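For the record, the sequence lines run as chains A and B.
Position 45, counted from 1, in the first sequence is what our numbering calls 45; the numbers after and before it change by one each time, with no gaps.
Position 86, counted from 1, in the second sequence is what our numbering calls 86; the numbers after and before it change by one each time, with no gaps.
Below is one structure, written out as structure tokens; the observations come after it.
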Amino acid sequence: AQTVTQSQPEMSVQEAETVTLSCTYDTSESDYYLFWYKQPPSRQMILVIRQEAYKQQNATENRFSVNFQKAAKSFSLKISDSQLGDAAMYFCAYRVTGNQFYFGTGTSLTVIP
Amino acid sequence: DTEVTQTPKHLVMGMTNKKSLKCEQHMGHRAMYWYKQKAKKPPELMFVYSYEKLSINESVPSRFSPECPNSSLLNLHLHALQPEDSALYLCASSQDQLGYTEAFFGQGTRLTVV
Numbered sequence: 001a002q003t004v005t006q007s008q009p010e011m012s013v014q015e016a017e018t019v020t021l022s023c024t025y026d027t028s029e030s031d032y033y034l035f036w037y038k039q040p041p042s043r044q045m046i047l048v049i050r051q052e053a054y055k056q057q058n059a060t061e062n063r064f065s066v067n068f069q070k071a072a073k074s075f076s077l078k079i080s081d082s083q084l085g086d087a088a089m090y091f092c093a094y095r096v097t098g099n100q101f102y103f104g105t106g107t108s109l110t111v112i113p
Numbered sequence: 001d002t003e004v005t006q007t008p009k010h011l012v013m014g015m016t017n018k019k020s021l022k023c024e025q026h027m028g029h030r031a032m033y034w035y036k037q038k039a040k041k042p043p044e045l046m047f048v049y050s051y052e053k054l055s056i057n058e059s060v061p062s063r064f065s066p067e068c069p070n071s072s073l074l075n076l077h078l079h080a081l082q083p084e085d086s087a088l089y090l091c092a093s094s095q096d097q098l099g100y101t102e103a104f105f106g107q108g109t110r111l112t113v114v
């Protein structure tokens with residue numbers, strides 16, 4: 001069974017500080033893709049960052065970076081220089097070949113001014 | 001154009017009504033999805049269409065009926081819904097091949113069944 005676990009239902013961070021959201025997954029596949037999506041109160045799910053499992057180098061997108069540990073099946077998201085607009089629900093997701101996406105339970109991030 | 005457009009944005013319907021949700025994308029994506037999302041929960045997959053054919057149906061009740069008229073359009077027909085079907089319904093699309101792997105989501109339709 002494919003599962004994605006986010007163990008932090010809620011997190012908070014001071015504006016301009018750094019926060020790390022954790023995600024673990026379980027799969028027997030060797031080829032897959034991992035994603036972090038952000039869902040602000042406006043409802044739309046927005047892709048933050050993605051990581052191909054075959055790549056050893058951790059993905060980065062501006063203030064967002066991941067720590068991908070394939071052997072540990074861990075995929076954490078680091079947000080640097082947090083901004084008020086980063087406040088949202090964050091979902092970790094996983095996809096194997098084919099069309100099925102599996103989502104974690106989400107982490108609600110609050111940014112404190 | 002990297003948008004997935006969903007209409008309507010809000011819908012209130014009675015339990016005896018028939019309504020439809022619409023989703024449109026012009027990115028040339030060949031996989032399209034319907035998800036149901038309750039508040040503060042992850043999206044739950046309902047249906048996947050691949051190359052306009054239904055490829056995944058996650059045991060969704062027959063009161064939800066999907067339709068993919070062409071590669072750009074996805075509909076969800078609703079009939080005789082229950083109050084517990086009230087939720088945010090999200091449409092998404094993705095390239096149906098490796099290398100273009102993320103899903104693009106619409107803004108969703110907030111459905112209330114009364």
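In this text, a Cβ means the ideal position worked out from N, Cα and C, and glycines have one as well.
The structure presented is a predicted model; accordingly, all values stated were derived computationally and were not measured.
My guess is that residue i and residue j are in contact by the Cβ rule of under 8 Å, so how many angstroms apart are they, rounded?
i        : j       : result
A/Ser74  : A/Thr18 : So it is not a contact: roughly 18 Å between Cβ atoms.
A/Val4   : A/Phe68 : In fact, because the Cβ distance is near 14 Å, the residues do not count as touching under 8 Å.
B/Val113 : B/Ser86 : 5 Å
B/Met27  : B/Lys19 : B/Met27 to B/Lys19, Cβ: 26 Å. No contact.
B/Ser72  : B/Glu24 : 6 Å
B/Ser55  : A/Asn58 : Going by Cβ atoms, the distance from B/Ser55 to A/Asn58 rounds to 32 Å, so no, they are not a contact pair.
Per DSSP, which residues does residue i bridge with? Please list them.
i        : result
A/Leu34  : A/Gln51, A/Tyr94
A/Met89  : A/Gln39, A/Ser108
A/Gln69  : A/Ser74
B/Lys53  : B/Ser50
B/Ser86  : DSSP, once it has assigned bridges, lists no residue as partnering B/Ser86.
A/Asp26  : A/Thr3
A/Leu84  : BP columns for A/Leu84 are empty, so no partner.
B/Ala92  : B/Tyr33, B/Phe105
B/Val60  : DSSP lists no partner for B/Val60.
B/Asn75  : B/Lys22, B/Glu67
A/Thr60  : A/Ser65
A/Met11  : A/Leu109
B/Glu44  : B/Lys36
B/Val113 : B/Met13
A/Thr20  : A/Lys78
Between residue i and chain B, is there a C-beta pair that is closer than 8 Å?
i       : result
A/Gln8  : no
A/Tyr33 : yes
A/Gly85 : no
A/Phe75 : no
For residue i, would you say it is in contact with chain A, using Cβ-to-Cβ distances shorter than 8 Å as the test?
i        : result
B/Asp85  : no
B/Gly14  : no
B/Gln107 : yes
B/Thr115 : The question about residue 115 of chain B has no answer, for chain B in this structure spans 1 to 114.
B/Val113 : no
B/Leu73  : no
B/Ser50  : yes
B/Leu76  : no
B/Glu67  : no
B/Leu88  : yes
B/Ser55  : yes
B/Ala103 : yes
Would you list, in chain order, the members of the region 40-70 of chain A that have their beta-carbon closer than 9 Å to a beta-carbon of chain B?
Ser42, Arg43, Gln44, Met45, Ile46, Leu47, Arg50, Glu52
Restricting to runs no shorter than 3 residues, where is the beta strand (DSSP E) found entirely within the region 6-38 of chain B?
10-13, 18-25, 31-37
Looking at chain A, which residues of the region 19-46 of chain B have a Cβ within less than 8 Å of any of its Cβ atoms?
Ala31, Tyr33, Lys40, Lys41, Pro42, Pro43, Leu45
Interfacial residues, the region 94-111 of chain A to chain B, with Cβ spacing under 8 Å
Arg95, Thr97, Asn99, Gln100, Phe101, Phe103, Gly104, Thr105, Gly106, Ser108
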